[in-house]
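Accompanying notes for the structure given below.
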Amino acid sequence: MIAVVSPNPSIDKLFLVDEVRLGAIHRPQELVVTPGGKGLNVARAARTLGGDVLAIALLAGHAGHWIADGLLEQGVRTDITWATGETRTSLSAADPSSGRPTEFYERGEMPGPDTWEAYVARVSAGAQGARWVPLSGSLPPGVPATASADLVERARAAGARSVVDQHGAALAAALAAAPDVIKVNANEARELTGHAEPRAAVAALHELLAGRRGAQGLGAPVAIVTGGEDGAFLADPEATIWHGTVDAHGPFPTGSGDSFLGALLVGLEETGEDWSGSLALALGAAAANAELAGAALFDPRRARSLAEQARIERV
Ligand SMILES: Nc1ncnc2c1ncn2[C@@H]1O[C@H](COP(=O)(O)OP(=O)(O)OP(=O)(O)O)[C@@H](O)[C@H]1O
Ligand SMILES: [Mg+2]
3 MIAVVSPNPS IDKLFLVDEV RLGAIHRPQE LVVTPGGKGL NVARAARTLG GDVLAIALLA
63 GHAGHWIADG LLEQGVRTDI TWATGETRTS LSAADPSSGR PTEFYERGEM PGPDTWEAYV
123 ARVSAGAQGA RWVPLSGSLP PGVPATASAD LVERARAAGA RSVVDQHGAA LAAALAAAPD
183 VIKVNANEAR ELTGHAEPRA AVAALHELLA GRRGAQGLGA PVAIVTGGED GAFLADPEAT
243 IWHGTVDAHG PFPTGSGDSF LGALLVGLEE TGEDWSGSLA LALGAAAANA ELAGAALFDP
303 RRARSLAEQA RIERV
């Protein structure tokens, strides 16, 4: 089971318009609205591929109820902590031919200390029955970055394995807690390691994490660096480095990283932890996501057929 930490969800609204002009009225050709925020994207992607998913979400208000209903409709099980206020909405406008988005992300509301404490207690409970606990994206405003370390430690205490895909101070805090898997994009990897080249970055991240985990008597980690259309590098528990690509390129890559992660975890559950095989499913889902408008919205058959065409090489 995959118990997804979703502390800062959002209603994601994507308008497809030819051009965004300041001060003008726009009439979108199409509107795509999804329960979003990175955690819920990962949850929906994993569910689309048939994964057993529990979304542990912090929600508020009418927007929160809309998200809860949407997840239920998509077969994502939920464990919801209700906060006061209103869950945020994030607005994007993209040109349907190039896909290039203009984005407006609300920060979200600050949960009170009691609400946050109740939320992390639900993460501990949800992680009990889980094999994987992904932690993606931002924390709500007012929650200190060190909460990421706490969440990683709670997953471990519950006997689950943590996967971190965050950035900035939250990522640094999560790394200090030595998670089982780190998955970042090439920019985030460069910030962490100083290496612009993703193969060098993934090796450095694996070494860093292996050192931290070894010092605590924990098993070998996995590090992943995704490189947009250039595919992804994965350093497995034996420190073998794999590079994977799919020869398919779409105009809507927003949420491809989240689709990659949700699919990777489903792949690991399906294959009994064949990392290079799961990388193929991750690449298939990420590319299928880029073909359709809307984050973590893709056709599972297309994802699996692209996965079969993926090229995975030891590098
Ligand atoms: N335009 C694209 N077409 C096809 N596949 C893509 C495209 N962009 C990215 N991908 C796939 O998605 C994976 C993740 O993309 P990327 O490195 O951009 O992640 P990201 O920046 O974390 O994305 P996000 O945070 O928006 O989910 C890549 O490794 C690649 O396999
Ligand atoms: Mg990302």
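Those letters in the sequence shown? Residues 3 to 317, by the working numbering.
Yeah, the Cβ is synthetic: ideal placement off N, Cα and C, and Gly gets one too.
May I ask you to report which of helix, strand or coil DSSP gives L173? The residue given as residue 173 occupies position 171 in the sequence shown. Helix at L173.
In whole angstroms, what is the alpha-carbon distance linking E21 and E105? Against the sequence shown, residue 21 aligns to sequence position 19. Against the sequence shown, residue 105 aligns to sequence position 103. Looking at the two C-alpha atoms, the distance is approximately 13 Å.
Taking one C-beta from the segment 148-167 and one from the segment 121-133 each time, how about it: are there three or more such pairs within less than 8 Å? yes
Just checking, does the segment 90-109 make contact with the segment 48-61 on the three C-beta pairs under 8 Å criterion? no
Is the beta carbon of G259 within less than 7 Å of some heavy atom of ligand 2? Numbered from 1 along the sequence shown, position 257 holds the residue referred to as residue 259. Yes, ligand 2 has a heavy atom inside 7 Å of this Cβ.
Alpha carbon of R306 to alpha carbon of L281, nearest angstrom: The residue given as residue 306 occupies position 304 in the sequence shown. The residue given as residue 281 occupies position 279 in the sequence shown. In a straight line, the C-alpha of R306 is about 12 Å away from that of L281.
Compute the Euclidean distance between the alpha carbons of R133 and G25, then round it to the nearest angstrom. On the sequence shown, position 131 is the one that residue 133 refers to. On the sequence shown, position 23 is the one that residue 25 refers to. Distance between the alpha carbons of R133 and G25: 49 Å.
Every unbroken alpha helix (DSSP H) within the segment 51-134, with a cutoff of 4 residues, ordered by chain: 63-75, 115-130
What beta strand (DSSP E) runs, 3 residues minimum, are completely inside the segment 228-300? 234-237, 243-247
Candidates R46, R214, A297, of which the one nearest E75 by Cα: Residue 75 sits at position 73 when you count from the first residue of the sequence shown. When only C-alpha atoms are compared, the closest one is R46.
Contact check, A298 vs N43 under 8 Å by CB: the rounded distance? Your numbering for residue 298 matches position 296 in the sequence shown. Your numbering for residue 43 matches position 41 in the sequence shown. About 4 Å; that satisfies the 8 Å criterion.
Quick one: give me the first and last residue of the beta strand (DSSP E) that A5 is part of. Here residue 5 is taken as the residue at index 3 of the sequence shown, counted from 1. 4-8 is the span of the beta strand (DSSP E), which, as asked, contains A5.
Taking its Cβ as the centre, do 16 or more other Cβ atoms sit within 10 Å of G144, making it buried, or is it exposed? As a working note, residue 144 is residue 142 in the sequence shown. Under this definition G144 is an exposed residue.
Report the residue from A265, F254, N291 whose alpha carbon sits nearest the alpha carbon of P103. Here residue 103 is taken as the residue at index 101 of the sequence shown, counted from 1. The shortest C-alpha separation from P103 is found at F254.
With a threshold of 7 Å, establish whether the CB of D54 neighbours any heavy atom of ligand 2. Reading the sequence shown from its first residue, position 52 is the one you call residue 54. The answer is no for D54.
Bridge partners of T36, per DSSP? The residue labelled residue 36 in the question sits at position 34 within the sequence shown. DSSP, once it has assigned bridges, lists D14 as partnering T36.
T91 and I13 - do their beta-carbons sit closer together than 8 Å? As a working mapping, residue 13 is identified with position 11 in the sequence shown. As a working mapping, residue 91 is identified with position 89 in the sequence shown. Less than 8 Å separates the beta-carbon of I13 from that of T91.
Proximal residues to G66 (C-beta, below 6 Å), its chain only, five neighbours per side dropped: Within the sequence shown, residue 66 is the residue found at index 64, counting from 1. The answer, listed in chain order, is T89.
Counting only the same chain and skipping the five closest in sequence on each side, list residues whose C-beta sits under 6 Å from that of V166. Taking the sequence shown and counting its residues from 1, the one referred to as residue 166 is at position 164. Answer for V166: L137, A176, P181, I184, listed in chain order.
Helix, strand or coil for S140? Go by DSSP, reduced to three states. Your numbering for residue 140 matches position 138 in the sequence shown. Note: S140 maps to coil in three-state DSSP.
Under 8 Å between C-beta atoms of G170 and P142: By 1-based counting over the sequence shown, the position of residue 170 is 168. By 1-based counting over the sequence shown, the position of residue 142 is 140. No; because the gap between Cβ atoms is not below 8 Å, this pair is not in contact.
Which residue from H64, L56, W68, G87 puts its Cα closest to that of G77? In the sequence shown, the residue the question calls residue 77 occupies position 75. With distances taken between Cα atoms, G77 lies closest to L56.
With respect to 7 Å, is the separation between the Cβ of N291 and the closest non-hydrogen atom of ligand 2 below this value? Reading the sequence shown from its first residue, position 289 is the one you call residue 291. Not one heavy atom of ligand 2 lies closer than 7 Å to the C-beta of N291.
Whole-angstrom distance between L194 and A174, CA atom to CA atom: The residue given as residue 174 occupies position 172 in the sequence shown. The residue given as residue 194 occupies position 192 in the sequence shown. C-alpha separation (whole angstroms): 8 Å.
C-alpha distance - A172 paired with E271, whole-angstrom precision: What you label residue 172 is simply residue 170 of the sequence shown in a count that begins at 1. What you label residue 271 is simply residue 269 of the sequence shown in a count that begins at 1. Their Cα atoms are separated by approximately 27 Å.
Check: F262 C-beta below 7 Å from any heavy atom of ligand 3: Because ligand 3 does not appear in the structure shown, any question about it cannot be addressed here, the ligands present being ligand 1 and ligand 2.
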